[in-house]
Amino acid sequence: MKAIVCLKYGKAENLVLQNVKKPKPKDTEVLIKIIATSVTASDVLIRKLDEPLIPKLILQLMFGFGRPRNPILGMVTSGIIEDKGKDVTKFEIGDEVFAYGSVSSTKHRFGSYAEYICLPEAWNLALKPENLSFEETAAIPYGGLLASHLIKKTSITKGDKVLIYGASGSIGTIAIQLAKNLGAHITSVCSSRNFELVKSLGSDVIIDYTLENSEKQLETYKYVIDAVGNSKSSTLKEKSKKALTLNGKYISIDDGIPLTPKEAFINLKTLAEQEKIKPVIDKIYPLEQMVEAHEYVETGRKRGNVVIEINTF
Numbered sequence: 004m005k006a007i008v009c010l011k012y013g014k015a016e017n018l019v020l021q022n023v024k025k026p027k028p029k030d031t032e033v034l035i036k037i038i039a040t041s042v043t044a045s046d047v048l049i050r051k052l053d054e055p056l057i058p059k060l061i062l063q064l065m066f067g068f069g070r071p072r073n074p075i076l077g078m079v080t081s082g083i084i085e086d087k088g089k090d091v092t093k094f095e096i097g098d099e100v101f102a103y104g105s106v107s108s109t110k111h112r113f114g115s116y117a118e119y120i121c122l123p124e125a126w127n128l129a130l131k132p133e134n135l136s137f138e139e140t141a142a143i144p145y146g147g148l149l150a151s152h153l154i155k156k157t158s159i160t161k162g163d164k165v166l167i168y169g170a171s172g173s174i175g176t177i178a179i180q181l182a183k184n185l186g187a188h189i190t191s192v193c194s195s196r197n198f199e200l201v202k203s204l205g206s207d208v209i210i211d212y213t214l215e216n217s218e219k220q221l222e223t224y225k226y227v228i229d230a231v232g233n234s235k236s237s238t239l240k241e242k243s244k245k246a247l248t249l250n251g252k253y254i255s256i257d258d259g260i261p262l263t264p265k266e267a268f269i270n271l272k273t274l275a276e277q278e279k280i281k282p283v284i285d286k287i288y289p290l291e292q293m294v295e296a297h298e299y300v301e302t303g304r305k306r307g308n309v310v311i312e313i314n315t316f
C-alpha cells in the first residue's frame, strides 16, 4: 500500500511517499481502507521535534529516537472497513467509520497517513455520521476531542461570558460551537480575515489580535479558553489571562495531557448528526502533497482543518 513515511525528525521534506506492507487485523481489530485523514498541529510538532531539551527528550521517549517509532504519522481516520478480526462484534465489513487513534496517554496508534490502518474496535472508532462526507468527518476528531477536553474543565451556564483565543483553528472552531450549545456568550479572538467564519459558528463578539491596543476591547469573562497554547502569544493574550470575573478561570490546551475518552468521541458523533457542530475545512490535499500540507499547517494560518484525500469513494 502507499504510505507517507517520516524518514527522520525535522523538515516537512522528510515525509516521503513509499510502498509499504499492508497491515492485517488482529482478532479484536478492524482493517480500514482510509478515504481521508487530516494534518494536525500535533502531527507537525511530532514531525519537527524542535522543542526545548527536556520536552524533546520526553517526546522521544514516547515516540522514538531519531525518527518516529512508527514512521507513518497521523491519528485521524475516515474510511470503510475492509476486513476484521474473528472477535470483532460491533462492526461489519463495508461499514463507513471514523476514528481517532488515541484513547489515553498510553493507548495510541499512528498510521493514518496511509491507504490502510488497523485499529481495535474498542478504541475511538464509530460509524461515520451519515450527514457528513468522509472529508468532513476527518475534520472532527482532533479539534473536537481537544475542544471537548477544554470545555469539560468549565461549568458553562446560559449567559456566561467566554473568551476563546485562537478561535479560527481546528480546536477553536469546535470550542465555539460546544460553548454556544451550552448557552455561552462568546468572544472570539482571531485575525480579521476569519471574522465571518467565527461569526457563522456562533461568536457574539470578535477581537482582532493583530490590531494595536486590541486588549482595550477586553471585558471580564467567566472563562478564558486558550485553544493555541504556548505556540502563540500576544499582548492581548497575556492581558486576557487576567480578564476574569470573580472565580473566573483561565484554561489552556497546554495545561496537562489532554484526555480523549470514548464517551467524548461518541458525543461528537451525536452532535454532528444533530447538526449541533459543523466541521470546518480550510484546504484538501491529495496524499502525494503531504509535504505541502504540512508546510501550510506549519504557517499557523489555517482555518479549521487541513484534510488529506487518500482513496477515492
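For what it's worth, the numbering used here labels the leading residue of the sequence shown as 4, then goes sequentially.
By construction, the Cβ of each residue, glycine as well, lies at the ideal position given by its N, Cα and C atoms.
Using DSSP bridges, identify the partner residues of residue i.
i, result
"E39", "Here the sequence assigns Ala to residue 39, which means Glu is not the residue at that position. Answer is S81 and E312."
"Y212", "Answer is none; Y212 lacks a bridge partner."
"N127", "Y103"
"V8", "V19"
"P289", "E312"
"K87", "V33"
"V294", "None; V294 has no bridge partner."
"I61", "I61 pairs with nothing; no bridge assigned."
"L166", "T190 and V227"
"D307", "What sits at residue 307 in the sequence shown is Gly, not Asp. G172."
Quick check: residue i and residue j, are their CB atoms within less than 8 Å of each other?
i, j, result
"I313", "Y288", "no"
"V227", "A246", "yes"
"L130", "V100", "yes"
"S206", "G307", "no"
"K272", "P123", "no"
"I177", "V201", "no"
"Y145", "S41", "yes"
"L34", "D98", "no"
"G186", "K161", "yes"
"I49", "L18", "no"
"K225", "K156", "no"
"K244", "L221", "no"
"P261", "H152", "yes"
"A170", "V79", "no"
"I143", "P28", "no"
"S105", "T302", "no"
"I84", "F94", "yes"
"N134", "F268", "no"
"V208", "T190", "yes"
"G88", "E138", "no"
"I120", "P26", "yes"
"A322", "I154", "Absent from the structure is residue 322, since the part of the chain shown begins at 4 and ends at 316."
"K286", "Y299", "yes"
Let's test the definition: count the other Cβ atoms within 10 Å of the Cβ of residue i and tell me whether it reaches 16, buried, or not, exposed.
i, result
"D229", "buried"
"D30", "exposed"
"R196", "exposed"
"E215", "exposed"
"M65", "exposed"
"T238", "exposed"
"L60", "exposed"
"L249", "exposed"
"T92", "exposed"
"E54", "exposed"
"R72", "exposed"
"S236", "exposed"
"A15", "buried"
"E266", "exposed"
"K24", "exposed"
"D46", "buried"
"R112", "buried"
"T43", "buried"
"A125", "exposed"
"K11", "exposed"
"K305", "buried"
"G13", "exposed"
Can you round the beta-carbon distance between residue i and residue j to whole angstroms, since I take them to be within the 8 Å contact cut?
i, j, result
"K5", "L20", "6 Å"
"I7", "L204", "Not a contact, Cβ separation roughly 31 Å."
"V192", "I159", "Incorrect: roughly 18 Å between the Cβ atoms, too far for contact."
"D258", "N233", "D258 to N233, Cβ: 10 Å. No contact."
"S107", "A39", "In fact, because the Cβ distance is near 25 Å, the residues do not count as touching under 8 Å."
"Y116", "M293", "6 Å"
Closer than 7 Å to a non-hydrogen atom of the ligand ADP - does that hold for the CB of residue i?
i, result
"I179", "No copy of the ligand ADP occurs in the structure displayed, which carries no ligand at all."
Could you tell me whether any Cβ in chain D is nearer than 8 Å to the Cβ of residue i?
i, result
"I313", "Included in the structure is just one protein chain, with no chain D present."
Inside the segment 108 to 155 only - beta strand (DSSP E) runs reaching at least 3 residues: 119 to 123 and 127 to 130
Restricting to runs no shorter than 3 residues, where is the beta strand (DSSP E) found entirely within the segment 236 to 287? 247 to 255
What residue ranges within the segment 173 to 226 form continuous alpha helix (DSSP H) runs of no fewer than 4 residues, ordered along the chain? 173 to 184 and 198 to 203
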